[in-house]
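**Student:** Counting in UniProt numbering, the sequence shown runs from 1 upward without gaps. A single structure is presented below for examination.
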Amino acid sequence: MKLTPQDTSPPVALLEHVGQQFGATIALRDISLAIPARRMVGLIGPDGVGKSSLLSLIAGARTIEQGNVMVLGGDMRDVHHRREVCPKIAWMPQGLGKNLYHTLSVYENVDFFARLFGHDKAERELRINELLQSTGLAPFRDRPAGKLSGGMKQKLGLCCALIHDPQLLILDEPTTGVDPLSRAQFWELIDSIRQRQRR
Numbered sequence: 001m002k003l004t005p006q007d008t009s010p011p012v013a014l015l016e017h018v019g020q021q022f023g024a025t026i027a028l029r030d031i032s033l034a035i036p037a038r039r040m041v042g043l044i045g046p047d048g049v050g051k052s053s054l055l056s057l058i059a060g061a062r063t064i065e066q067g068n069v070m071v072l073g074g075d076m077r078d079v080h081h082r083r084e085v086c087p088k089i090a091w092m093p094q095g096l097g098k099n100l101y102h103t104l105s106v107y108e109n110v111d112f113f114a115r116l117f118g119h120d121k122a123e124r125e126l127r128i129n130e131l132l133q134s135t136g137l138a139p140f141r142d143r144p145a146g147k148l149s150g151g152m153k154q155k156l157g158l159c160c161a162l163i164h165d166p167q168l169l170i171l172d173e174p175t176t177g178v179d180p181l182s183r184a185q186f187w188e189l190i191d192s193i194r195q196r197q198r199r
C-alpha cells in the first residue's frame, strides 16, 4: 500500500483510554483511537453508545474525566491549548437546527456567528454570500430559521459552522430526520467543501 501525504500527517485527534460517565451510566469506557488529518471519518453505532459524548470531547465542549484527548496537536485538558484551538473547530451538535436562533433570519444567523469570530463587515458579507450560494440558501436569506424545512435548517447550521473556515469540522448526525434528497445534497456539499480545501 502506498502512503499518501494524508497518511503520514499527525492525526487531527488522538484519544487514549478515554472514559466518560453520567451518574451510574458509563457512556465511554477505555476508548483509544486516532483520527487522521484531511479525511472524512464516521463513527457508527446504535443509539446510546456514546458517539455524541465522544464527539463533544473532541470538540472541547465537554470536560475530560478519564484518559487523554489530543486535538490539533495539543492536550484538550490544557486551558491555553483549548483557548487557542476551540476557535479552529466547528461542531454541529445533534438535532435539527440545534445551533440556530429560530427568530433570526437565515442571513442574521450566519452573520451572528461571523461576528463571534471577529470578522469585519466586508469579510462577513463575502463569506456569508459565498456560503449561502454554495448551500442554495441565498433565495431564503430573509426567511426566519424557524420557518425552514429540516434539510434547509441543517444547511444553515453548516453555514454557521463553516463561517470561520475551521480546521476541524465535527458533525453529529447531521442528516437525521432529513428527507433523502436533502440528505444526498448535504453530503455532496460536504464533499465539494473538502475538495476545495484540498486545492
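Note that beta-carbon positions come from the ideal geometry of N, C-alpha and C, so glycine has one too. These numbers were taken from a predicted model, which means no experiment stands behind them.
If you run the structure through DSSP and keep just helix, strand and coil, what is Pro10?
**Tutor:** Taking the sequence shown and counting its residues from 1, one reaches residue 10 at position 10. Three-state result, Pro10: coil.
**Student:** Name the residue from Leu72, Pro93, Lys51 and Glu65 whose alpha carbon lies nearest to the alpha carbon of Pro36.
**Tutor:** The residue you call residue 36 lines up with position 36 of the sequence shown. Answer by Cα proximity: Leu72.
**Student:** Quick check on the DSSP output: the alpha helix (DSSP H) that includes Gln94 runs from which residue to which?
**Tutor:** In the sequence shown, the residue the question calls residue 94 occupies position 94. Where Gln94 is concerned, there is no enclosing alpha helix (DSSP H), given that its DSSP letter is neither H nor E.
**Student:** State buried or exposed for Met92, treating a residue as buried only when at least 16 other CB atoms are found within 10 Å of its CB.
**Tutor:** To locate residue 92, count along the sequence shown from 1; it is residue 92. Label assigned to Met92: buried.
**Student:** Can you tell me which of Ala138, Leu15, Asp165 and Arg115 puts its alpha carbon nearest to the alpha carbon of Lys155?
**Tutor:** Mapped onto the sequence shown, residue 155 falls at position 155. Residue Ala138 is the option with its Cα nearest to Lys155.
**Student:** Helix, strand or coil for Gln167? Go by DSSP, reduced to three states.
**Tutor:** In the sequence shown, counting from the first residue as 1, residue 167 sits at position 167. Coil.
**Student:** Using 7 Å as the cut-off, classify the Cβ of Val49 as near or not near the heavy atoms of the ligand FAD, replying yes or no.
**Tutor:** For the structure depicted, the ligand FAD is absent and the ligand set is empty, with no information on it obtainable.
**Student:** Ordered along the chain, which non-local residues of its own chain (more than five positions away) have a Cβ less than 7 Å from that of Gly177?
**Tutor:** As a first step, residue 177 must be located in the sequence shown, where it is residue number 177. These residues qualify, in order along the chain: Leu96 and Gly150.
**Student:** Hey, Lys98 and Leu168: beta-carbon distance below 8 Å or not?
**Tutor:** Start at 1 with the first residue of the sequence shown, and residue 98 comes out as number 98. Start at 1 with the first residue of the sequence shown, and residue 168 comes out as number 168. Cβ distance not < 8 Å, so Lys98 and Leu168 don't count as in contact.
**Student:** For Ile128, which residues of its own chain have a beta-carbon under 8 Å away from its beta-carbon, when the five flanking residues on both sides are left out?
**Tutor:** Sequence index remark: in the sequence shown, residue 128 carries index 128 (1-based). Result list for Ile128: Tyr107, Val110, Asp111, Ala114, Cys159 and Ile163, in chain order.
**Student:** According to the Cβ coordinates, are Ile190 and Ile58 closer than 8 Å?
**Tutor:** As a working note, residue 190 is residue 190 in the sequence shown. As a working note, residue 58 is residue 58 in the sequence shown. No; because the gap between Cβ atoms is not below 8 Å, this pair is not in contact.
**Student:** Using the C-alpha atoms, what's the distance from Arg143 back to Gln185?
**Tutor:** Against the sequence shown, residue 185 aligns to sequence position 185. Against the sequence shown, residue 143 aligns to sequence position 143. Rounded to whole angstroms, Gln185 to Arg143 spans 20 Å at the Cα level.
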